[in-house]
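Okay, structure first, notes after.
Protein chains: 2
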Amino acid sequence: MTTNNFSQDEASCPAEGILKQLSGKWKPQIFRLALDGPVRFNALLRQLPGSNKQSVATALKEMEEADILVKTVVQEKPLHIEYTLSERGRAMVTVFRSMEGFLS
Amino acid sequence: MTTNNFSQDEASCPAEGILKQLSGKWKPQIFRLALDGPVRFNALLRQLPGSNKQSVATALKEMEEADILVKTVVQEKPLHIEYTLSERGRAMVTVFRSMEGFLS
DNA sequence: TCAATTAGTCAAAAAAACATGACCACCAAC
DNA sequence: GTTGGTGGTCATGTTTTTTTGACTAATTGA
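Chains as they are written, first to last, in full-length UniProt numbering: chain A, 1 to 104; chain B, 1 to 104.
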């Protein structure tokens, strides 16, 4: 059967889906760090105090599935993995920018 | 003592707080309905299939606390309560607009 | 060969969000 | 005075999200 990820609600509320893709305890911070360049799993754990492997792994996976981040195996000295903002992810900066005027 | 609602994280990630204020199962839809004019408690329950008193009440309260909605007692024939977008709430349309290009 | 760093997974527990059903008070019409 | 609409609260239960801790497996450097 053919299914999608949209609830009936989202059909009439486009923002809802995007909100879901960006929401969560760690995603906004990961996004922000990714703006400064590629991010890495263990580095994130150190940069995000209070975070944990599981949550960071889940956030990275979901952001990859949402086409916000792109996962790359870097064939260099200490072989490692990088997560970089996708084109769609980079375009989302505008969403974040639009939020920056509202610091209550 | 002086406290605020910001975690250490939010200090360095402004979007996080706004994201929190807009996230949740019903807030985006309530916001959207409020764009068309004042919304009312029982009307919302009818307009949001699958919703319930508790969740809608909580959403309205939190959006009021976040200065997105303003609660008004309308002194008219059948005395009732209206929730209207605050100035800040109206300004937030830009945030929603910025999300509308990303329908994956 | 041993230890550290890389990047994870898995099961389970704890915490947060959301839903259910009962109840309340006020007002108006019948 | 009972029914129906207004706008809720409260206690409880379920579901979702997040955390914890144990474990894995490949790579690297000494």
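Cβ atoms here follow ideal geometry from the backbone N, Cα and C, with glycine treated the same way.
Quick caveat: nothing in here was measured; it's all calculated off a predicted structure.
D67 of chain B and R90 of chain B have their alpha carbons spaced roughly 10 Å apart. Annotation: the continuous alpha helix (DSSP H) that includes I30 of chain B extends over 27-35. Judged by DSSP in its simplified three-state form, E82 of chain B adopts strand.
Taking CB atoms only, A43 of chain A has no neighbour in chain B less than 9 Å away.
The beta carbon of V74 of chain A lies closer than 8 Å to those of H80, I81, E82 in the same chain, with the five residues before and after it left out. Put simply, the backbone Cα of K77 of chain A is about 17 Å away from that of N42 of chain A. In the three-state reduction of the DSSP assignment, K77 of chain A falls in the coil class.
Here L69 of chain A carries a strand assignment [DSSP, helix/strand/coil]. Contact annotation: the segment 12-28 of chain B touches the segment 17-32 of chain A, with at least three C-beta pairs closer than 8 Å.
By the neighbour-count criterion, in which 16 or more other beta carbons inside 10 Å mark a residue as buried, P49 of chain A falls on the exposed side.
Per DSSP, the continuous alpha helix (DSSP H) segment holding L45 of chain A begins and ends at 41-47. Residue contact with chain A for S98 of chain B: present (Cβ-Cβ distance below 9 Å to some residue of chain A). With contact defined as three or more Cβ pairs closer than 8 Å, the segment 52-65 of chain B and the segment 22-38 of chain B are in contact.
Interface annotation, K20 of chain B: in contact with chain A, CB-CB separation under 9 Å.
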